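Please read the structure below before turning to the comments.
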Amino acid sequence: MQYQKLRGRLGWILLVIPIWAVFYHIEEWTPLLGMLGYFLFGLAGLIWMSVVQDREEEK
């Protein structure tokens with residue numbers, strides 16, 4: 004069970020870093036698109052945290 008949690012967290016980190024890097028470079032080219040990207044990225048993070056919390060409450 005611990006291995007699956009660690010694997011899930013590492014997978015999440017490996018997914019987040021490239022997406023964040025893309026938004027960072029977009030911000031250098033066009034600040035408005037970068038700001039929109041960060042907003043959507045943060046919104047996705049909040050939704051993900053809500054889903055995880057709901058799963059924990061079900062257990």
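For the sequence shown, this note's numbering assigns the number 4 to the initial residue and increments by one for each residue that follows. Backbone N, C-alpha and C fix where the C-beta goes; we use that ideal spot for every residue, glycine too. All values derive from a computational prediction rather than experimental measurement.
How long is the line joining the alpha carbons of residue i and residue j, rounded to whole angstroms?
{"i": "T33", "j": "M52", "result": "29 Å"}
{"i": "I50", "j": "L9", "result": "21 Å"}
{"i": "F42", "j": "G14", "result": "22 Å"}
{"i": "G40", "j": "Q56", "result": "24 Å"}
{"i": "V25", "j": "L46", "result": "16 Å"}
Could you give the DSSP three-state label for residue i: helix, strand or coil?
{"i": "K62", "result": "coil"}
With C-beta atoms as the reference, is residue i less than 8 Å away from residue j?
{"i": "I29", "j": "L36", "result": "yes"}
{"i": "F44", "j": "I16", "result": "no"}
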